[in-house]
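Student:
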Amino acid sequence: MTLILLFGGEGFGQGVPNQPMGGPDQFGYRWQTQQAINGPVYNWIDITLDGTEITGLADDNSAGPIDLGFNFNFYGEDNRYIWVGSNGWLHFSKTEHPSPGNLSSPFNSIPTNDVVNNLIGMMISDLIFAINGVQIPSAKAFYKQLNSSVFVLSFIDVPFWTDGDSLGYRGSNTFQCILNKNTGEITVQYKKCSPSTDQDSFYTQVGSRWMICGIENKNGNIGLSAMENFDIPERTVLRYKRVNISKISGNVYWDKNGDGIK
Numbered sequence: 036m037t038l039i040l041l042f043g044g045e046g047f048g049q050g051v052p053n054q055p056m057g058g059p060d061q062f063g064y065r066w067q068t069q070q071a072i073n074g075p076v077y078n079w080i081d082i083t084l085d086g087t088e089i090t091g092l093a094d095d096n097s098a099g100p101i102d103l104g105f106n107f108n109f110y111g112e113d114n115r116y117i118w119v120g121s122n123g124w125l126h127f128s129k130t131e132h133p134s135p136g137n138l139s140s141p142f143n144s145i146p147t148n149d150v151v152n153n154l155i156g157m158m159i160s161d162l163i164f165a166i167n168g169v170q171i172p173s174a175k176a177f178y179k180q181l182n183s184s185v186f187v188l189s190f191i192d193v194p195f196w197t198d199g200d201s202l203g204y205r206g207s208n209t210f211q212c213i214l215n216k217n218t219g220e221i222t223v224q225y226k227k228c229s230p231s232t233d234q235d236s237f238y239t240q241v242g243s244r245w246m247i248c249g250i251e252n253k254n255g256n257i258g259l260s261a262m263e264n265f266d267i268p269e270r271t272v273l274r275y276k277r278v279n280i281s282k283i284s285g286n287v288y289w290d291k292n293g294d295g296i297k
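Numbering (the numbering used here), first residue to last: 36 to 297.
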């Protein structure tokens with residue numbers, strides 16, 4: 036058994052840059068980067084040639100529903116579909132329901148009962164695919180079901196919105212989310228992301244949230260924030276995984292299987 040001492044408030048708060056691990060939250064999810072002992076290994080999966088391109092993403096909107104091809108268990112509930120937000124998030128749903136809405140700047144912390152919950156914040160930021168109805172040539176999103184248990188969603192060369200540039204956008208962000216039905220793991224890989232200097236200066240003021248990476252349940256009251264307002268290094272990999280825990284008291288938990296934070 037492993038004894039786990041948690042630090043933080045409701046939902047166990049936001050991550051700190053350069054921490055290799057965090058959590059678990061009240062449901063048992065924890066996160067790790069490749070810097071953690073037994074952490075995930077970066078292994079980019081290119082689906083740009085044989086994946087399905089997502090159309091309709093623009094500015095502060097979402098596209099879907101997209102069928103995963105299997106049920107993925109997230110915070111104890113099976114979900115078959117996702118909606119993809121232009122601002123770097125995906126939302127789970129059990130059925131092909133209409134769009135859940137959108138998350139737009141200023142962004143709230145994770146967890147928060149917001150317009151959109153039940154989500155993975157791959158890189159919640161003011162990203163943009165099209166301006167005034169005109170598609171940005173480089174900005175793409177693709178998805179692919181690799182097999183009966185693995186689904187991949189990739190954002191390719193998606194810039195930040197900014198009014199500080201004549202084009203209305205700046206920078207380039209390439210990252211992907213991998214869902215594994217069999218293990219329940221959520222892996223987010225960051226191939227290359229632009230620094231905060233490419234963001235609009237309005238969003239990088241003190242007190243603003245210009246970038247959030249995390250997960251959150253359907254009620255927005257339990258979740259993990261792994262990174263916030265952080266320039267993500269190239270080839271970073273972030274993994275969310277549930278551990279089998281039971282509460283002792285306060286913020287002290289037993290990891291029953293011995294596979295907790297190491």
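Where is the CB? At the ideal position from N, CA and C, for every residue including glycine. None of the values given here were measured: they were computed from a predicted structure.
#1: Can residue 74 and residue 146 be called in contact, C-beta distance under 8 Å?
#2: So, using beta-carbon positions, are residue 255 and residue 114 closer together than 8 Å?
#3: Please tell me whether residue 277 and residue 219 are closer than 8 Å, where the distance is taken between their beta carbons.
#4: Would you report the Cα separation of residue 203 and residue 93, rounded to the nearest angstrom?
#5: Cα separation between residue 261 and residue 71?
#6: Alpha carbon to alpha carbon, how far is residue 245 from residue 188? Give it in angstroms, no decimals.
#7: Using a 10 Å radius around the Cβ and a threshold of 16 neighbouring Cβ atoms, would you call residue 55 buried or exposed?
#8: So, does the region 204 to 214 touch the region 163 to 183, judging by three or more C-beta pairs under 8 Å?
#9: Buried or exposed: which applies to residue 269, given that a residue is buried once 16 or more other Cβ atoms fall within 10 Å of its Cβ?
#10: What does the Cβ neighbour count give for residue 208, buried or exposed, with the cut at 16 atoms within 10 Å?
#11: Could you pull the DSSP bridge partners for residue 164 from this structure?
#12: Counting beta carbon pairs with one atom in the region 95 to 108 and one in the region 173 to 190, are three or more of them shorter than 8 Å?
#13: Report the rounded CA-to-CA distance for residue 152 versus residue 85, giving the unit in angstroms.
#14: Quick check on residue 232: does DSSP put it in helix, strand or coil?
#15: How many Å lie between residue 150 and residue 267 at the Cα?
#16: Taking DSSP as the reference, what is the three-state secondary structure of residue 169?
#17: Classify residue 76 as helix, strand or coil using the three-state DSSP reduction.
#18: Rank 96, 98, 97 and 126 by C-alpha distance to the C-alpha of residue 214 and give the top, closest one.
#19: Whole-angstrom Cβ separation of residue 116 and residue 128, contact assumed at under 8 Å?
#20: Please report the straight-line C-alpha distance between residue 135 and residue 97, rounded to a whole angstrom.
#21: Do the CB positions of residue 247 and residue 177 come within less than 8 Å of each other?
#22: So, is residue 233 buried or exposed, given that buried needs 16 or more other C-beta atoms within 10 angstroms?
#23: Please look up how many angstroms separate the CB atoms of residue 216 and residue 191, rounded, as I've assumed it's under 8 Å.
Tutor: Concretely, from the data shown:
#1: No. Outside cutoff.
#2: Taking the C-beta atoms as reference points, residue 114 is found no nearer than 8 Å to residue 255.
#3: Yes, they are a contact pair.
#4: Distance between the alpha carbons of residue 203 and residue 93: 13 Å.
#5: Rounded to whole angstroms, residue 261 to residue 71 spans 13 Å at the Cα level.
#6: Distance from the CA of residue 188 to the CA of residue 245, rounded to the nearest whole angstrom, comes to 22 Å.
#7: Answer is exposed; the Cβ neighbour count stays below 16.
#8: Result yes; three or more Cβ-Cβ pairs closer than 8 Å.
#9: That one is exposed.
#10: It counts as buried.
#11: BP columns for residue 164 are empty, so no partner.
#12: With a cut-off of 8 Å on Cβ pairs, the region 173 to 190 is in contact with the region 95 to 108, counting three or more such pairs.
#13: The C-alpha of residue 152 lies about 30 Å from the C-alpha of residue 85.
#14: Note: residue 232 maps to helix in three-state DSSP.
#15: Taking the straight line from one Cα to the other gives about 26 Å.
#16: Under the three-state reduction of DSSP, residue 169 is assigned to strand.
#17: Residue state for residue 76 is assigned as coil, using DSSP reduced to three classes.
#18: When the alpha-carbon of residue 214 is set against those of 96, 98, 97 and 126, the nearest one is in 126.
#19: Contact flag correct, Cβ pair sits at about 5 Å.
#20: If you draw a straight line from the Cα of residue 135 to the Cα of residue 97, it comes to about 8 Å.
#21: No. Outside cutoff.
#22: With 16 or more Cβ atoms within 10 Å of its Cβ, residue 233 is classed as buried.
#23: The C-beta distance from residue 216 to residue 191 rounds to 24 Å, too long to fall under 8 Å, and the pair is not in contact.
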